[in-house]
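Novice: In my numbering, the protein residues as written are -11 to 152.
Submitted below is the structure of interest, expressed as structure tokens.
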């Protein structure tokens, strides 16, 4: 690894634009969906309150709408911990910062565990979502993208070396 931990520029790592886009959206979602739910702001006429309720109604995600304490904790972790970390991931991917690798791998494990646990609760404590296509369209990326990130970060110096 170079002393600065810098890898190749993003222009030479075009596939990483996918991760920049995903984590930018995930940060947005964490701040404006999950944080609102975690803080108990689903009621009222605010845009994000209505947007969260719209998702719950369209996906028929009754577990989400029931405001179960586990979901509040899960969305709180997403909004207050993962949200800021997504911004760090975006920065690291744009700048090619190899130092992100250990933190990214911890995130992968934590996210896959959290998503699996959330889905177990969603389907077993339930009732399961009434519209699984919409449910998985909204929630599936939070399982798939961390898995892909784990593959992307597996080797040391995931962004290469700027001195190469």
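Don't be surprised by glycine CBs; every beta carbon is placed ideally from N, CA and C.
All values reported here derive from a predicted model rather than from experimental measurement.
1. Report the residue from 74, 73, 29 whose alpha carbon sits nearest the alpha carbon of residue 52.
2. Go to residue 62, then tell me how far its alpha helix (DSSP H) extends in each direction, as first and last residue.
3. If we call anything under 7 Å between Cβ atoms a contact, is residue -5 one with residue 87?
4. Based on the DSSP secondary-structure assignment, which residues constitute the bridge partners of residue 85?
5. Applying the criterion that 16 or more other CB atoms from any shown protein chain within 10 Å of the CB defines a buried residue, is residue 16 buried or exposed?
6. How far does the alpha helix (DSSP H) with residue 4 in it extend, from its first residue to its last?
7. For the structure I just gave you, are there three or more beta carbon pairs, one from the segment 19 to 33 and one from the segment 59 to 67, closer than 8 Å?
8. Nearest to residue 123 by alpha carbon, out of 66, 103, 140?
9. Alpha carbon to alpha carbon, how far is residue 101 from residue 18?
10. When DSSP labels each residue in this structure, what does residue 34 get in the three-state scheme?
11. Given residue 22, which residues of its chain have a CB within under 6 Å of its CB, disregarding the five upstream and five downstream residues?
12. Give a yes or no on whether the C-beta atoms belonging to residue 81 and residue 7 are separated by under 7 Å.
13. For residue 105, is the classification buried or exposed, using 16 other Cβ atoms within 10 angstroms of its Cβ as the cut-off for buried?
14. Using three-state DSSP, classify residue 49 as helix, strand or coil.
15. Based on Cα-Cα distance, which residue from 99, 93, 145, 118 lies nearest to residue 238?
16. Look at the alpha carbon of residue 97 and the alpha carbon of residue 9, and state the distance between them as a whole number of angstroms.
Specialist: By the coordinates alone:
1. With distances taken between Cα atoms, residue 52 lies closest to 29.
2. Counting along the chain, the alpha helix (DSSP H) containing residue 62 begins and ends at 57 to 65.
3. Not in contact: residue -5 and residue 87 (Cβ atoms no closer than 7 Å).
4. DSSP output for residue 85 lists -6 as bridge partner(s).
5. The residue in question, residue 16, is exposed, as its Cβ has fewer than 16 Cβ neighbours within 10 Å.
6. That run of the alpha helix (DSSP H) goes 4 to 17.
7. As far as the Cβ criterion goes, the segment 19 to 33 touches the segment 59 to 67, which means the pair count is three or higher.
8. Residue 123 has its Cα closest to that of 103, out of 66, 103, 140.
9. Cα-Cα distance, rounded: 17 Å.
10. Looking at residue 34 - three-state DSSP - the assignment turns out to be coil, as it is neither helix nor strand.
11. Excluding positions up to five away in sequence, the list reads 63, 66, 67.
12. Yes. Within cutoff.
13. Residue environment analysis places residue 105 among the exposed positions, since fewer than 16 neighbouring C-beta atoms fall within 10 angstroms of its C-beta.
14. When secondary structure is reduced to three states using DSSP, residue 49 falls in the coil class, being assigned neither helix nor strand.
15. Residue 238 is absent from the structure shown; the chain starts at -11 and stops at 152.
16. C-alpha separation (whole angstroms): 21 Å.
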